[in-house]
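**Q** Just passing along the structure, written as structure tokens.
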Amino acid sequence: QSSSDKKMDDYATKIKDSAEHLIRNEFPEKALELDTLCSVC
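Heads up, the sequence shown is in the UniProt record's numbering, so the first residue is 1 and it goes up one at a time.
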């Protein structure tokens, strides 16, 4: 496996991790905010 392949793997893993982090942490909060806004409307 060449080093550029390894770099791409690391990059893909980082993106996957940060995406999962966003979905787990940011998204639920945003969804809650939207729920709150909708219930106020």
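Note that CB positions come from ideal geometry on N, CA and C, so glycine has one too.
Given the structure is predicted, the values throughout are model-derived calculations rather than measurements.
1. Measuring straight from C-alpha to C-alpha, what distance separates I15 and E33?
2. Taking only three categories from DSSP, how would you classify C41?
3. Can you give me the C-alpha to C-alpha distance between E29 and D35, rounded to a whole angstrom?
4. What would DSSP say about S2, mapped onto helix, strand or coil?
**A** The relevant details are as follows:
1. As a first step, residue 15 must be located in the sequence shown, where it is residue number 15. As a first step, residue 33 must be located in the sequence shown, where it is residue number 33. I15 and E33: Cα-Cα distance of roughly 25 Å.
2. Residue 41 sits at position 41 when you count from the first residue of the sequence shown. Three-state result, C41: coil.
3. Numbered from its first residue, the sequence shown carries residue 29 at position 29. Numbered from its first residue, the sequence shown carries residue 35 at position 35. Distance between the alpha carbons of E29 and D35 is about 10 Å.
4. Locating residue 2 in the sequence shown gives position 2, counting from the first residue. Of the three classes helix, strand and coil, the one that applies to S2 here is coil, per DSSP.
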